[in-house]
């Protein structure tokens, strides 16, 4: 059974999809860009974009009683691989001791011309 998830503490989807869905004990989180919960695009700097997207992910996880330590896998999308070091440093700051599986992919474009997007899969504790 798939159960959609919505929280007011993260931005509403900008298309026909859910913020996240539960499937069994796994939470599949849709891609998050730097939209504030009210839908404002936070694009003052790359750092601001990454922090906003990771804050959205944190808020979504917390709305389900989870944290970064429950994240099994992240997918990071960058418009420019030259941003990798900056993104990686902020990602490490947010993740703390959590070390989920991950890939980082350079893409030609992202919604709203964002420079960074993250999606994740989290799991209930065993």
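Numbering (our numbering), first residue to last: 964 to 1089. The beta carbon of each residue, even a glycine, is placed where N, CA and C say it ideally should be.
Distance between residue 1086 and residue 1036, taken at the CA atoms: about 10 Å.
Within the same chain, Cβ atoms closer than 7 Å to the Cβ of residue 1020 are found at 992, 995, 1081, 1083, the five residues on either side in sequence being excluded. The C-beta of residue 997 has 16 or more other C-beta atoms within 10 Å across all chains shown, which makes the residue buried. When C-beta atoms of the segment 1001-1011 are compared with those of the segment 1023-1039, fewer than three pairs fall below 8 Å, so the two segments do not count as touching.
Per the DSSP secondary-structure output, residue 1082 pairs in a beta bridge with 1038. Pairing residue 1074 with residue 1088, the inter-Cα distance amounts to about 32 Å. For a cut-off of 8 Å, the C-beta gap from residue 1024 to residue 1057 is around 11 Å, too long to register as a contact. Comparing C-alpha distances from residue 990 to each of 964, 1001, 972 shows the shortest one belongs to 964. Per DSSP, the unbroken alpha helix (DSSP H) holding residue 1058 starts and ends at 1047-1058.
Residue 1034 and residue 983 have their C-alpha atoms spaced approximately 13 Å apart.
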